[in-house]
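Numbering (the UniProt record's numbering), first residue to last: 1 to 105. Where is the CB? At the ideal position from N, CA and C, for every residue including glycine. Following: one structure in structure tokens, then a few remarks.
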């Protein structure tokens with residue numbers, strides 16, 4: 001499944017539904033966020049339609065970031081059937097992220 005960009009307005013429709021969704025809270029100026037992007041691309045390819053990956057630019061969408069208490073980026077929040085079930089802050093390996101996803105499927 002392709003990675004989707006979400007905003008404050010589209011967050012509810014894209015994330016808070018059925019299934020597993022990983023939301024990447026990021027900003028264009030963030031170095032670790034840039035390093036995480038190719039890892040998420042690989043994860044998206046490997047997991048296919050099992051998991052949706054969404055990216056939310058915190059500079060353009062501060063309401064959603066504030067709602068989920070995002071204080072540092074990159075922050076990944078894992079949602080299962082619309083509810084946040086896990087959260088990691090900072091750069092993580094693809095294997096680490098795969099393990100978190102597997103824990104919630």
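Going by C-alpha distance, which of the options is nearest residue i?
| i | options | result |
| --- | --- | --- |
| residue 98 | 14, 21, 68 | 21 |
| residue 93 | 12, 10, 18, 35 | 35 |
Use the C-beta contact count for residue i: other C-beta atoms within 10 angstroms, 16 or more gives buried, fewer gives exposed.
| i | result |
| --- | --- |
| residue 85 | exposed |
| residue 2 | exposed |
| residue 45 | exposed |
Name the two residues that bound the continuous beta strand (DSSP E) containing residue i.
| i | result |
| --- | --- |
| residue 53 | 51-57 |
| residue 81 | Neither: residue 81 is in no beta strand (DSSP E) and is coded neither H nor E. |
With distances taken between CB atoms, is the gap from residue i to residue j smaller than 8 Å?
| i | j | result |
| --- | --- | --- |
| residue 62 | residue 25 | no |
| residue 156 | residue 100 | For residue 156 there is no data in the structure shown, the boundaries of the chain being 1 and 105. |
Give the range of the alpha helix (DSSP H) segment to which residue i is assigned.
| i | result |
| --- | --- |
| residue 70 | First-last for residue 70: undefined, no H or E at that position. |
| residue 41 | 31-47 |
Assess, as a yes-or-no matter, whether the segment 49-59 is touched by the segment 86-97 under the definition of 3 or more beta carbon pairs within less than 8 Å.
-> Short answer: they don't touch.
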